[in-house]
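Note sheet for the following structure.
Residue numbers (my numbering): 106 to 330.
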């Protein structure tokens, strides 16, 4: 199964063109590749906010555990944290138990959509990112774009097509799929049935045999010299 956007993500045209072409390697390996619609009804902004809300309680617990042992990270080192992170920490303190359970219901919706693909297919292939690689910020606060194809996205996570699988627990691999016209790496995500890690590894190995990528490492290194 192939989805260039999980139904909801704006994906740069150059990335889609590369993945559209590279996914055909699986046909060369003997697989049947078909486009699919997952039926996800939530917007990508709803989903990126959901991901942040689901992970932030663990972050708060870790910060409070550290504070109990000595270092008050939020008090003494608050300015060392990116503003986007502080925004979600503050939002996390306001979440209720009802909010948590509502978020789990949305998470289940996403699980059902992705799990439904595997009633007919062995694997699901998508791009890894919706945009080309972003520059590292000098201050350490590296974030992505605020919009893609004219659509607003969360600069923290909204340009990544990998976090949905954090919701569902399916095994997944991100592998090199080629380079952009400017020599930036483009990734392809291979997702398998629950507990079928070996299927993902086998598909990744088959793709690498047909589309070797080891030479791209040196090309990327040369680009940064």
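Even glycine gets a Cβ: it sits at the ideal position worked out from N, Cα and C.
Comparing alpha carbon positions, the residue from 274, 281 and 259 closest to residue 310 is 281. Rounded to whole angstroms, the separation of the alpha carbons of residue 259 and residue 153 is 7 Å.
In terms of CA proximity to residue 284, 127 leads the group 127, 210 and 205. Counting only residues of its own chain and dropping the five nearest sequence neighbours on each side, residue 256 has a CB closer than 6 Å to the CB of 115. One thing to note: residue 228 has its Cβ no nearer than 7 Å to the Cβ of residue 274.
Short of 6 Å from the beta carbon of residue 212, and not among the five residues preceding or following it, lie these beta carbons of its own chain, in chain order: 272.
DSSP links residue 107 through a beta bridge to 140 and 230. The C-alpha of residue 205 lies about 8 Å from the C-alpha of residue 159.
Short of 8 Å from the beta carbon of residue 302, and not among the five residues preceding or following it, lie these beta carbons of its own chain, in chain order: 276.
Taking each of 234, 243 and 122 in turn and checking the Cα distance to residue 253, the smallest one comes out for 234.
Beta-bridge analysis with DSSP links residue 252 to 257.
In this structure, residue 141 and residue 190 do not form a Cβ contact; the two beta carbons are roughly 35 Å apart against a cut-off of 8 Å. The three-state secondary structure of residue 281, taken from DSSP, is strand. Under the three-state reduction of DSSP output, residue 265 falls in the strand class. For the set 241, 210, 270 and 221, the Cα lying nearest the Cα of residue 232 is the one of 270. Contact between residue 236 and residue 264 holds: their C-beta atoms lie close to 5 Å from each other, under 8 Å.
If you draw a straight line from the Cα of residue 136 to the Cα of residue 145, it is about 25 Å long. Under DSSP, no beta-bridge partner is assigned to residue 162. Taking 7 Å as the cut-off, the Cβ atoms of residue 131 and residue 138 count as close. Taking the Cα positions, residue 198 is about 26 Å away from residue 244.
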